[in-house]
Amino acid sequence: MRGAVRLEDVVVRYGDVTAVDHLSLAVEPGEFVSLLGPSGCGKTTTLRVIAGFESADAGRVELSGADVGGVPPHRRDVNTVFQQYALFPHLSVAENVAFGLRRAGVPKADVGPRVATALDMVRLRSLAGRKPSQLSGGQQQRVAVARALVNEPAVVLLDEPLGSLDRALRADLQVELQVLHEKVGATFLYVTHDQEEALAMSDRIAVLLDGRLQQVGTPDDVYDRPANAFVAGFLGGHVFLPGTAGPGADHVIGDGWLVRGAAGADAAEPGAAAVAAIRPDDVELLDAPPEGDAVNAVSGTVAAVSHLGEARLHVVHLDSGLELRSRRPRGAASPHRPGDRVWCTWPAESTLVFRQQ
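What the sequence shown shows, in our numbering, is residues 706 to 1062, in sequence order.
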């Protein structure tokens, strides 16, 4: 039970603005769960409520099975890693890590060994005497993690701790955080707006929008089986063709085109506004239309081509006035150029039909 986190119908309001809107979420001990969503969706506010830095206007927050409503932050069995690390500039690395132990009244004889163990976990023991200003951004982030782990909390809260780092360093530290999570066994709650980061690191992902939980599930669940059009677009990278749901709610009819697919979890009623959700990775560009109903096909003109290193992205302006994108591995097919007439084709089985939000 130690390390379990449970939110029941939590509401947080700032005046007329509802930052967290009746949010319920259960996190099991030892899980790595990411709160994912765009800026302003309520994910950091949720983390602050769990930490005790914010109070909920309604609902219940439990840590390790106990209601912590009204319990101050320093008495909660959690530690937080912030985006800006919040290291004390006048203290050494070792002193920064030891700060929480001393504040908790840990005997002096135990402080040194525990600090050394924490710094070993993040591979910074050799830099124990340096000041934060003498460290790189990645090293400062690892000091902040060591400081959070040294008290051996049941729950570690991480508020976009890699957000200010460059892409290559973020990728390295994602792996390090996963290894640390497995090593210490604490529950990790991780806030991010980076879809790839959430998919790479998490046991489960909770997707938020406007303070409301849209979907929670494993990376495979939310990526392959999005609950609605927002999740499909934000996390799955789908693009959308808007139209009207057909009689079976498994295809969308537009201006001069019809797209076949499968009804998504948030399906549209027949005749209602709907969108066909399509992944650019599934779209292939051909010079002539394919045969058969198993493949969708719409015609258009290539408007732009972007080189993405391992892939090429073609932006196609469809004859209907809509836009579609094709992202294909380099070498998979001969690249088309702007101005080329093409048929965008993709499997019907990979298309999801949702109601238009």
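Backbone N, C-alpha and C fix where the C-beta goes; we use that ideal spot for every residue, glycine too.
Bear in mind the structure is a predicted one, so any value in this text is a computation, not a measurement.
DSSP places Gly1005 within a strand segment (E or B) once states are collapsed to three. When Cβ pairs closer than 8 Å are counted between the two stretches, the segment 750-765 is seen not to touch the segment 832-851, the count staying below three. With respect to the 8 Å criterion, Leu940 and Val912 are classified as neighbours on the basis of their beta carbons. By the Cβ rule, the segment 968-986 does not count as touching the segment 1002-1014, because fewer than three pairs are nearer than 8 Å. Residue environment: Ser1031 is assigned as buried (16 or more neighbouring CB atoms within 10 Å of its CB, all protein chains considered). In this structure, the straight-line span from the alpha carbon of Asp772 to that of Ala937 is close to 35 Å.
A distance below 8 Å separates the beta carbons of Ala973 and Ala954. The DSSP-derived three-state label of Glu713 is strand.
The shortest C-alpha to C-alpha distance from Ala970 to any of Ala993, Asp987, Asp929, Glu736 is the one to Asp929.
Annotation: the segment 943-998 contains no complete segment of the alpha helix (DSSP H) (minimum length 4 residues). Contiguous beta strand (DSSP E) elements confined to the segment 720-792 occur at 722-732, 737-741, 763-768, 783-786, taking only those with 3 or more residues. The beta carbon of Lys748 lies closer than 6 Å to those of Leu740, Gly742, Val896, Leu913 in the same chain, with the five residues before and after it left out.
At a Cβ-Cβ threshold of 8 Å, Phe787 and Asp908 do not count as neighbours. DSSP lists Leu740, Val921 as the beta-bridge partner residues of Ala911.
Sequence-distant partners of Ile958 (beyond 5 residues in either direction) whose C-beta falls short of 6 Å from its own C-beta, in its chain, are Gly948, Thr949, Gly951. Secondary structure at Ala823: helix, using DSSP grouped into helix, strand and coil. For the 8 Å CB-CB criterion, Arg707 and Ala859 form a contact. Secondary structure within the segment 791-818: the alpha helix (DSSP H) runs of 4 or more consecutive residues, fully enclosed, are 798-808 (chain order). Distance between Asn856 and Leu863, taken at the CA atoms: about 15 Å.
Contact between Ala1009 and Pro1043 holds: CB atoms are separated by about 6 Å, below the 8 Å threshold. Per the C-alpha coordinates, the member of Glu1054, Val988, His1022 positioned closest to Asp1045 is His1022.
Taking Leu854 as reference, the option from Ser841, Leu878, Leu796, Val820 with the minimal CA-CA separation is Val820.
Residue state for Asp871 is assigned as coil, using DSSP reduced to three classes.
Leu840 carries a coil assignment under DSSP once its states are collapsed to helix, strand and coil. The segment 762-780 makes contact with the segment 716-735; the number of CB pairs closer than 8 Å reaches 3 or more. Counting of Cβ neighbours within 10 angstroms places His795 among the exposed residues, the total staying below 16. Here Val889 has Leu854 as same chain residues with Cβ atoms under 7 Å from its own Cβ, once five neighbours each way along the sequence are excluded.
Membership of Leu904 in the alpha helix (DSSP H) is indicated by the continuous run 900-906. Scanning Val944, Glu1015, Glu996, Arg917 for the CA closest to the CA of Arg718 turns up Arg917.
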